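Protein chains in written order, with the numbering used here: chain A, 5 to 332; chain B, 5 to 332; chain C, 5 to 332.
We treat Cβ as the ideally placed atom computed from N, Cα and C, and that holds for glycine.
As the structure is a prediction and not an experimental result, all values here were calculated from the model.
To start, the structure itself, in structure tokens.
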Amino acid sequence: MRMPHAETLPAGATRGVAVGLFSASRHLLGLDGMPRTTLIEILDAAERDLAHLAADRSPRDVLRDATVVIAMFEDSTRTRVSFQIAAKRLGATASTFSSHGLSLSKGETLRDTLRIFEANGADVIVVRHPSPGAPAYLAGQVESAVINAGDGMHEHPTQGLLDLMTLRQAWAGRFDGRRIAIIGDVKHSRVARSAIFGLTTLGVAVTVAGPTTLLPTHVERLGCTVAATVDEAMEGADAVMALRLQRERMDQGLLPSLAEYTRVWGIDAARVRRMRSDAVVLHPGPVNRGIELAPDVADGERSVILDQVANGVAVRCAVLRRAAGRDG
Amino acid sequence: MRMPHAETLPAGATRGVAVGLFSASRHLLGLDGMPRTTLIEILDAAERDLAHLAADRSPRDVLRDATVVIAMFEDSTRTRVSFQIAAKRLGATASTFSSHGLSLSKGETLRDTLRIFEANGADVIVVRHPSPGAPAYLAGQVESAVINAGDGMHEHPTQGLLDLMTLRQAWAGRFDGRRIAIIGDVKHSRVARSAIFGLTTLGVAVTVAGPTTLLPTHVERLGCTVAATVDEAMEGADAVMALRLQRERMDQGLLPSLAEYTRVWGIDAARVRRMRSDAVVLHPGPVNRGIELAPDVADGERSVILDQVANGVAVRCAVLRRAAGRDG
Amino acid sequence: MRMPHAETLPAGATRGVAVGLFSASRHLLGLDGMPRTTLIEILDAAERDLAHLAADRSPRDVLRDATVVIAMFEDSTRTRVSFQIAAKRLGATASTFSSHGLSLSKGETLRDTLRIFEANGADVIVVRHPSPGAPAYLAGQVESAVINAGDGMHEHPTQGLLDLMTLRQAWAGRFDGRRIAIIGDVKHSRVARSAIFGLTTLGVAVTVAGPTTLLPTHVERLGCTVAATVDEAMEGADAVMALRLQRERMDQGLLPSLAEYTRVWGIDAARVRRMRSDAVVLHPGPVNRGIELAPDVADGERSVILDQVANGVAVRCAVLRRAAGRDG
Numbered sequence: 005m006r007m008p009h010a011e012t013l014p015a016g017a018t019r020g021v022a023v024g025l026f027s028a029s030r031h032l033l034g035l036d037g038m039p040r041t042t043l044i045e046i047l048d049a050a051e052r053d054l055a056h057l058a059a060d061r062s063p064r065d066v067l068r069d070a071t072v073v074i075a076m077f078e079d080s081t082r083t084r085v086s087f088q089i090a091a092k093r094l095g096a097t098a099s100t101f102s103s104h105g106l107s108l109s110k111g112e113t114l115r116d117t118l119r120i121f122e123a124n125g126a127d128v129i130v131v132r133h134p135s136p137g138a139p140a141y142l143a144g145q146v147e148s149a150v151i152n153a154g155d156g157m158h159e160h161p162t163q164g165l166l167d168l169m170t171l172r173q174a175w176a177g178r179f180d181g182r183r184i185a186i187i188g189d190v191k192h193s194r195v196a197r198s199a200i201f202g203l204t205t206l207g208v209a210v211t212v213a214g215p216t217t218l219l220p221t222h223v224e225r226l227g228c229t230v231a232a233t234v235d236e237a238m239e240g241a242d243a244v245m246a247l248r249l250q251r252e253r254m255d256q257g258l259l260p261s262l263a264e265y266t267r268v269w270g271i272d273a274a275r276v277r278r279m280r281s282d283a284v285v286l287h288p289g290p291v292n293r294g295i296e297l298a299p300d301v302a303d304g305e306r307s308v309i310l311d312q313v314a315n316g317v318a319v320r321c322a323v324l325r326r327a328a329g330r331d332g
Numbered sequence: 005m006r007m008p009h010a011e012t013l014p015a016g017a018t019r020g021v022a023v024g025l026f027s028a029s030r031h032l033l034g035l036d037g038m039p040r041t042t043l044i045e046i047l048d049a050a051e052r053d054l055a056h057l058a059a060d061r062s063p064r065d066v067l068r069d070a071t072v073v074i075a076m077f078e079d080s081t082r083t084r085v086s087f088q089i090a091a092k093r094l095g096a097t098a099s100t101f102s103s104h105g106l107s108l109s110k111g112e113t114l115r116d117t118l119r120i121f122e123a124n125g126a127d128v129i130v131v132r133h134p135s136p137g138a139p140a141y142l143a144g145q146v147e148s149a150v151i152n153a154g155d156g157m158h159e160h161p162t163q164g165l166l167d168l169m170t171l172r173q174a175w176a177g178r179f180d181g182r183r184i185a186i187i188g189d190v191k192h193s194r195v196a197r198s199a200i201f202g203l204t205t206l207g208v209a210v211t212v213a214g215p216t217t218l219l220p221t222h223v224e225r226l227g228c229t230v231a232a233t234v235d236e237a238m239e240g241a242d243a244v245m246a247l248r249l250q251r252e253r254m255d256q257g258l259l260p261s262l263a264e265y266t267r268v269w270g271i272d273a274a275r276v277r278r279m280r281s282d283a284v285v286l287h288p289g290p291v292n293r294g295i296e297l298a299p300d301v302a303d304g305e306r307s308v309i310l311d312q313v314a315n316g317v318a319v320r321c322a323v324l325r326r327a328a329g330r331d332g
Numbered sequence: 005m006r007m008p009h010a011e012t013l014p015a016g017a018t019r020g021v022a023v024g025l026f027s028a029s030r031h032l033l034g035l036d037g038m039p040r041t042t043l044i045e046i047l048d049a050a051e052r053d054l055a056h057l058a059a060d061r062s063p064r065d066v067l068r069d070a071t072v073v074i075a076m077f078e079d080s081t082r083t084r085v086s087f088q089i090a091a092k093r094l095g096a097t098a099s100t101f102s103s104h105g106l107s108l109s110k111g112e113t114l115r116d117t118l119r120i121f122e123a124n125g126a127d128v129i130v131v132r133h134p135s136p137g138a139p140a141y142l143a144g145q146v147e148s149a150v151i152n153a154g155d156g157m158h159e160h161p162t163q164g165l166l167d168l169m170t171l172r173q174a175w176a177g178r179f180d181g182r183r184i185a186i187i188g189d190v191k192h193s194r195v196a197r198s199a200i201f202g203l204t205t206l207g208v209a210v211t212v213a214g215p216t217t218l219l220p221t222h223v224e225r226l227g228c229t230v231a232a233t234v235d236e237a238m239e240g241a242d243a244v245m246a247l248r249l250q251r252e253r254m255d256q257g258l259l260p261s262l263a264e265y266t267r268v269w270g271i272d273a274a275r276v277r278r279m280r281s282d283a284v285v286l287h288p289g290p291v292n293r294g295i296e297l298a299p300d301v302a303d304g305e306r307s308v309i310l311d312q313v314a315n316g317v318a319v320r321c322a323v324l325r326r327a328a329g330r331d332g
């Protein structure tokens, strides 16, 4: 790419000069290997954003000079809306791209598409993609900061961070000595993977339970223990995270029936009572009511599912600010 | 849902405290049963918004601290664009959601989806849904104010309000003693239903005419009279509203042919001359030119179809302000 | 359309009064016949916008009182995102409409849809449409300014302008005496047509080359010369523009195979070396890597493809300002 004269720099070109400001640490690709201090920094920043969101609901000026492109190469509702609202509350110029029937179907490479967004002036590109590792690959190809909004079965780091934020609120700020049960389809869940990486780094004991066909082989290597039953996993726990059951697991022969799944692995009020009296119930959504969670549990007083959503906007404010170099 | 400490309230949580500000009257679910004084209040507010829109085309600050989610569970062009422009002109943070192939296809309940928008900080949720009563049900489930943007064959209240606003302009402010003819597929029309509710409340005499198969049984119970022919309905009227003919009515065996419909029920210039000399022609759009309206009528000097559209932005400003508690 | 009283003018109505401000010259329908002075004016304005975009990345106020509707009746990624970002950087109220499965499928005429946008208050309507001439037709039907964002095989004037802007930067401001080769499917390319109109007006010599089946009959009438081979076309040129090869040309029997196309008409490093030592490589995107351009050429130091994208935002700022009457 040729650089024009300084007085006619294209919108994106100044970033070429100032690339040092957009070091690798501006990207958010996953929670695997993220140091404890970085996790805590982001959670603290997100709490400040949450306070801002509650105190003054007008858009801020903090990202007024930043352009955010939200690029969804896979269906998304919740995550897209959450990032859109976060970007707008920070005052950023935000533009959303969905690949359904658009350019990529014309055979353009993913890298070329991201470079187009960069050349359009994107400071931050939020990417959801069905291929594990796509955001990490792209982070090496563009100078824009890249935020992973879910890549196949790999990671969904902003979801992991909002889980941590919600647990820290429920647990009065203390992670050490806590124990959480994660129930269901851990094998195919990027949500579970990001949560496990963050939780184990922060010293939380993680117990997983689910059908053998839906647990990763060697799940212990993620730092978890495996329980044989949901009752055993939840006994005395400080929290439980139910994972969404994808119905296609039945078609794939990984599960005999929904009814059996619910009986064996579903979380009802009786099972919730096995946990500590102040324990909370998380779910990444969307909930299959009556399958992985009984309706009275999903809506019960132990449920922090809607807190997760509200915290999600705050976490995304924090990571957008960080990606744009405004996490001060 | 657990409430975190006051200093870390999530974005949506303050509304839990201040729920009294979002009383049932903030919702706009339909015009059925809406008192005359409320109708007039909204029309007066919409006129003020119309003057604002004409005098200063920059975004206002009135909803700068409000978040509006426009949730379309059914195709929409006109209504979506109109709400988007209204929200942006008021300075609100607006985010649009369409359900085509998105989360609801994953089996999430409608209620859960709306609660997600609420937890994302939505003060006002605009909902279009194919099921009659969906917005009313949802209004009882979330603390956000809910505006019905069309629910099945039930109501489309902002369309009804813009019809009233357009008629009041054409009729020099006076509804009493006026008479309007509504022609066509009243049975399947939420537009007709909302208009009839508002018009009869304001003292306008409503005459309907159309194929027997496309009139509701007991249509008189809505407060209308039924005319046998379109000529009889329009004779001496102060306005006529042509309804859109859905082509699938033919496939359903409710109509013999388009040509016959146009000959018997279509509105041409000769029929327009049966009305009073200052009478106007309304249509909710999109117009099937040459079917329910002759092209020279749709574009003629009696047509107020484009005024309806311009008034639609003003009405949506007024109802958004009302929903957010800023109708002062 | 009846005009309401002055004190209650609908949003769009003031434009009816001030129609003189929106003369035909506000529209941007194509580069065919556009005078040299107008081309240069727009390029100069775009350079000022580019400097603004680089110097201050916050939204400006220049179009704060303007509403822009981006109406896409055909798939678009790059052009849509570029117009959205340009509109937002200028501070305009922007709303995007895509026709996929929306109102037009209900049989509404295109003209009616545009008039709806106008009545919603659109000062500028950006239109992409599969039918050649659709934007020109619409420009005569609405008072909003119309910008052609691509109409069938006819023109894509903002793309042509960004090509001119990129070449002027590469060529140190001088068009006279320059020569460009345009390679590939000229026949079906609105990009090529707009570029050829602009280039020939500015005195650039244009040589085209490509399979006979993909060149327009009488292409010389566009002011070009035709070369028999790509080597001949590129020999000593100051720039080459490779056009995108649509794969459906194979199915249409216009080409024997991709492999043969690449061998005969593809641009590799050896062919680039036939040009002058400071010549540049353009491509409208998306690139079929390894077909019309070798990967090392697309990413090489002669490539100005990403400059084209960055210039595209600036050009769209300039034409939006011009359309809204703010090109001062």
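Between the alpha carbons of Ala70 (chain C) and Val130 (chain C), how many angstroms are there, rounded? 13 Å
Given a threshold of 16 other Cβ atoms within 10 Å of its Cβ, counted over all protein chains shown, does His133 (chain A) qualify as buried or as exposed? buried
Using the Cβ count rule (16 or more neighbours within 10 Å means buried), how would you classify Ala59 (chain C)? exposed
Taking 8 Å as the CB-CB limit, is Gln163 (chain B) close to chain C? no
Contact set for Thr205 (chain C): own chain, Cβ-Cβ below 8 Å, skip 5 residues either direction: Leu35, Met38, Pro39, Arg40, Leu43
Do you know how far the Cα of Val244 (chain B) is from the Cα of Glu236 (chain B)? 12 Å
Contacts that Leu99 (chain A) makes with chain C (C-beta to C-beta distance below 7 Å): Rather than Leu, the amino acid found at residue 99 (chain A) in this sequence is Ser. Ordered by position in chain C, the residues that pass the 7 Å Cβ test against Ser99 (chain A) are Val85, Gln88, Ile89.
Closest to Phe101 (chain B) by C-alpha separation, out of A:Val128, A:Asp79, A:Gly316, would be which residue? A:Asp79
Among the candidates C:Ala209, C:Gly294, C:Val128, whose CA atom is the shortest distance from the CA of Arg182 (chain C)? C:Ala209
In whole angstroms, give me the CA-to-CA distance for Asp282 (chain B) and Ile184 (chain B). 13 Å
Can you tell me whether Pro63 (chain A) is buried or exposed, with buried defined as 16 or more other CB within 10 angstroms of its CB? buried
Along the alpha helix (DSSP H) that carries Arg183 (chain A), what are the first and last residues, could you check? First-last for Arg183 (chain A): 183 to 187, but that is the beta strand (DSSP E), not the alpha helix (DSSP H).
Name, please, each residue of chain E whose Cβ falls closer than 8 Å to the Cβ of Pro63 (chain B). In the displayed structure, chain E is absent; the protein chains listed are A, B and C.
Paired residues, beta bridge with Pro172 (chain A) - DSSP: Rather than Pro, the amino acid found at residue 172 (chain A) in this sequence is Arg. Answer by DSSP bridge pairing: none, since Arg172 (chain A) is not bridged.
Check whether the Cβ atoms of Val73 (chain C) and Phe121 (chain C) lie closer than 8 Å to each other. yes
Cβ shell of Pro220 (chain B) (< 8 Å), same chain only, five flanking positions each side left out: Val190, Lys191, Leu226
Would you grab the beta carbon distance between Arg326 (chain B) and Ile46 (chain B) for me? Rounded to a whole angstrom, and I think it's under 8 Å. 7 Å
Would you mind stating whether Ser198 (chain C) and Leu247 (chain C) have Cβ atoms separated by less than 8 Å? no
Determine, for Thr81 (chain B), whether the minimum Cβ-Cβ distance to residues of chain A falls below 8 Å. no
Between the alpha carbons of Arg278 (chain C) and Leu310 (chain B), how many angstroms are there, rounded? 59 Å
heavy atom of the ligand SAM below 7 Å from Arg52 (chain B) C-beta: In terms of ligand content, the structure shown is empty, and the ligand SAM therefore cannot be addressed.
What is the rounded straight-line gap between the Cα of Leu262 (chain C) and the Cα of Val317 (chain B)? 51 Å
So, with DSSP's three-state summary, where would you put His2 (chain A)? Only positions 5 to 332 of chain A appear in the structure, and residue 2 (chain A) is not among them; the question remains open.
If we ignore side chains and look at the alpha-carbon of each, how far apart do Leu259 (chain C) and Leu249 (chain C) end up? 10 Å
The beta strand (DSSP E) spanning Arg267 (chain A) covers which residue range? Segment 262 to 269 is the alpha helix (DSSP H) holding Arg267 (chain A); no beta strand (DSSP E) there.
Please determine, among B:Val308, B:Arg280, B:Cys228, the residue with the shortest C-alpha to C-alpha distance to Val291 (chain B). B:Val308
In chain order, what are the residue ranges of uninterrupted alpha helix (DSSP H) at least 4 long that sit wholly in the stretch 82 to 159 of chain C? 82 to 93, 114 to 123, 138 to 143
Going by DSSP, which residues form a beta bridge with Met245 (chain B)? B:Ile186, B:Leu286
Closest by CA to Glu224 (chain A), which one among A:Leu114, A:Ala98, A:Ala213? A:Ala213
From B:Arg251, B:Leu57, B:Phe87, B:His56, residue whose alpha carbon lies closest to that of Thr162 (chain B): B:Phe87
Secondary structure, beta strand (DSSP E): runs of 3+ residues fully inside the stretch 205 to 231 of chain A: 209 to 213
Nearest candidate by alpha-carbon position, reference Gly304 (chain B), set B:Met169, B:Met157, B:Val284: B:Val284
Alpha carbon to alpha carbon, how far is Arg61 (chain A) from Leu33 (chain A)? Give it in angstroms, no decimals. 29 Å
Taking the alpha-carbon positions, what's the Thr217 (chain B) to Glu159 (chain B) distance? 20 Å
Within 10 angstroms of the Cβ of Thr229 (chain C), are there 16 or more other Cβ atoms? Answer buried if so, exposed if not. exposed
For Met279 (chain A), which three-state DSSP category applies? coil
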